[in-house]
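Numbering that gives the first Met the number 0 puts the first residue of the sequence shown at 0, with every later residue one more than the last. Where a beta carbon is used, it is the ideal one built from N, C-alpha and C, also for glycine. Note that the structure is predicted; figures quoted are calculated from it, not measured. This report concerns only the one structure given below.
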Amino acid sequence: MLALLLIGVLVIGAAGNRARANALTSFAAYRASWPDAWRAPVEHRAVEVLARLLTAPDTDPELVRAAMGVMRESGSWPAMADTIRGQLRGVLDAYLAGGEGGQRSRLAWELFALSQPPDLESYRERIIALGGERGAQADALRLSAERLRQATATEAFDAALDDLTADWERLLMPQDGRPLPWLARQSAVVADAEQLAQEALSYQRRLLLEPYGVKREASYGMMQPDPGMIDWLDTQARTVNANEPGRRERLERVAALLNDHPAEGDEEPVVQVATRIVLRHHVLPWPALGLGLAVLLVLVGGLGRALLRLRRGPLPIDVNAETMENVEPIDLDTDAETKSRSSASITDVG
0 MLALLLIGVL VIGAAGNRAR ANALTSFAAY RASWPDAWRA PVEHRAVEVL
50 ARLLTAPDTD PELVRAAMGV MRESGSWPAM ADTIRGQLRG VLDAYLAGGE
100 GGQRSRLAWE LFALSQPPDL ESYRERIIAL GGERGAQADA LRLSAERLRQ
150 ATATEAFDAA LDDLTADWER LLMPQDGRPL PWLARQSAVV ADAEQLAQEA
200 LSYQRRLLLE PYGVKREASY GMMQPDPGMI DWLDTQARTV NANEPGRRER
250 LERVAALLND HPAEGDEEPV VQVATRIVLR HHVLPWPALG LGLAVLLVLV
300 GGLGRALLRL RRGPLPIDVN AETMENVEPI DLDTDAETKS RSSASITDVG
């Protein structure tokens with residue numbers, strides 16, 4: 000029975016995946032110039048997908064975007080635009096009222112903007128207002144970014160990076176139990192501060208990579224490093240990390256922040272590869288390694304001594320020593336046996 004149930008689940012899952020793939024193919028191939036017999040089923044399927052956005056929190060973003068593309072191209076869009084906009088307003092109103100945001104709300108906003116409603120800016124301002132006032136936090140992040148960019152000494156760098164991390168967390172911190180809305184993060188106040196922080200981190204990464212061979216002002220473009228460059232970077236990483244272990248630690252912190260807050264656009268491949276190579280080579284912690292080796296030697300020595308003792312066998316017994324082995328045991332029944340014999344003698348006489 001369980002096997003049949005499992006087979007049924009697998010069949011249903013496979014059918015669902017095939018239906019999704021067929022829908023995506025149909026949406027991508029859709030043309031408004033198709034005959035009605037071809038257009039109608041695809042448009043009907045697109046309407047079903049968009050309607051599901053209201054009730055399904057796990058809506059497939061790719062499928063919904065493709066369905067919206069179909070409706071925007073279809074000749075029936077003018078007649079259905081108000082209905083679809085009304086559905087999307089329902090999702091956004093629920094989000095504004097304090098409901099769960101998540102992927103569905105962001106997707107609803109994206110489709111709402113594509114539909115070009117007259118009240119688009121009103122909804123944008125209301126969503127941004129949910130994030131509260133972030134001007135002071137953004138100013139603090141700008142100042143931290145400037146200090147980090149100008150930091151050269153190790154102590155100044157560490158302090159500036161700590162301040163930048165803390166200010167960035169405060170900027171994105173939830174207020175009144177609600178996280179910063181995605182549109183608020185795209186606003187000029189927040190986006191400019193984050194861009195300055197990302198630029199400061201990228202600049203410091205270039206400075207940290209200079210001893211490894213990555214030029215500070217060089218523009219590598221989208222050039223991929225060849226095997227010879229990779230081998231050379233690998234050799235440089237081993238040498239520099241052995242001489243300056245603190246440099247690798249600072250680069251690791253910068254790379255972690257850039258990974259948590261990625262900038263728009265891809266970083267140059269040479270810089271990315273060099274960063275990965277540098278972080279791959281760890282400097283051995285010699286004090287900890289020495290302590291571990293000493294503990295290991297003690298354990299091995301104790302084990303060897305125990306094995307040697309077992310190999311020798313038991314220790315010889317000193318016959319003159321008063322131990323349990325060479326003292327005759329006391330016969331506790333002697334008195335009882337004497338009394339028993341006395342009783343037997345009396346009985347025999349009688």
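{"Asked": "Taking F111 and G68 to be in contact with their CB atoms under 8 Å, please state how far apart those CB atoms are, rounded to whole angstroms.", "Found": "So it is not a contact: roughly 15 Å between Cβ atoms."}
{"Asked": "Mapping DSSP to helix, strand and coil, what is Q174?", "Found": "strand"}
{"Asked": "Please report the straight-line C-alpha distance between S201 and R105, rounded to a whole angstrom.", "Found": "29 Å"}
{"Asked": "For A350 and M172, what's the separation of their Cα atoms in angstroms?", "Found": "Residue 350 lies beyond the range of the chain shown here (0 to 349); nothing can be said about it."}
{"Asked": "Please determine, among L207, S75, A65, the residue with the shortest C-alpha to C-alpha distance to E109.", "Found": "A65"}
{"Asked": "What are the start and end residues of the alpha helix (DSSP H) that includes H43?", "Found": "35–51"}
{"Asked": "Would you grab the beta carbon distance between G227 and A183 for me? Rounded to a whole angstrom, and I think it's under 8 Å.", "Found": "About 47 Å; that fails the 8 Å criterion."}
{"Asked": "Near I126, which residues of its chain fall below 6 Å by C-beta distance, leaving aside the five closest residues on each side in sequence?", "Found": "P180, L182"}
{"Asked": "Do I276 and the ligand NAD come close, with the Cβ less than 7 Å from some heavy atom?", "Found": "Looking at this structure, you won't find the ligand NAD or any other ligand, since it has none at all."}
{"Asked": "Measuring alpha carbon to alpha carbon, tell me which of A190, L257, E267, L250 ends up nearest S218.", "Found": "E267"}
{"Asked": "If A273 sits next to L232, beta carbons under 8 Å apart, how far is it from one beta carbon to the other, in whole angstroms?", "Found": "5 Å"}
{"Asked": "Alpha carbons only, please: which of G134, K214, E72, R249 is nearest the one belonging to A357?", "Found": "For the chain, the structure presents residues 0 to 349; residue 357 sits outside this window and is missing."}
{"Asked": "Buried or exposed, going by whether 16 or more other CB atoms sit within 10 Å of the CB of V294?", "Found": "exposed"}
{"Asked": "Kindly confirm or deny that the region 246–263 and the region 196–210 touch, where touching means at least three C-beta pairs closer than 8 Å.", "Found": "yes"}
{"Asked": "Would you grab the beta carbon distance between A137 and E72 for me? Rounded to a whole angstrom, and I think it's under 8 Å.", "Found": "Actually they are not in contact, since the Cβ atoms of A137 and E72 sit about 40 Å apart, beyond 8 Å."}
{"Asked": "So what's T164 in DSSP terms, helix, strand or just coil?", "Found": "helix"}
{"Asked": "According to the Cβ coordinates, are L160 and A196 closer than 8 Å?", "Found": "no"}
{"Asked": "By the DSSP assignment, the alpha helix (DSSP H) with M67 in it spans what residues?", "Found": "60–72"}
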